[in-house]
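Worksheet: one structure, shown below.
Residue numbers (this note's numbering): 54 to 121.
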């Protein structure tokens with residue numbers, strides 16, 4: 054299963070909610086670390102998608118048109 058940006062952000066939000074409701078410091082810290090990791094993965098996924106789009110557009114721009 055490929056991860057989507059939306060899925061990763063959803064998990065980050067879930068971890069943030071868990072952190073805000075945690076009574077124990079170690080549970081809160083774990084949830085905050087989890088949120089940070091999910092958000093980092095989401096940003097990395099977004100960056101990869103953007104880089105792929107830039108590369109695709111560059112290929113289109115540099116590809117010569119076929120002669121008729």
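For each residue, glycine too, the CB sits at the ideal point set by N, CA and C.
Just so we're clear, the structure is a prediction, and the values are computed from it rather than from any experiment.
Three-state secondary structure assigned by DSSP to residue 95: helix
Just the Cα atoms here: how many angstroms apart are residue 99 and residue 93? 10 Å
Go to residue 56, then tell me how far its alpha helix (DSSP H) extends in each direction, as first and last residue. No alpha helix (DSSP H) contains residue 56, which DSSP labels as neither H nor E.
Cβ neighbour criterion (16 or more within 10 Å) applied to residue 118: exposed
Classify residue 88: buried if its beta carbon has 16 or more other beta carbons within 10 angstroms, exposed otherwise. buried
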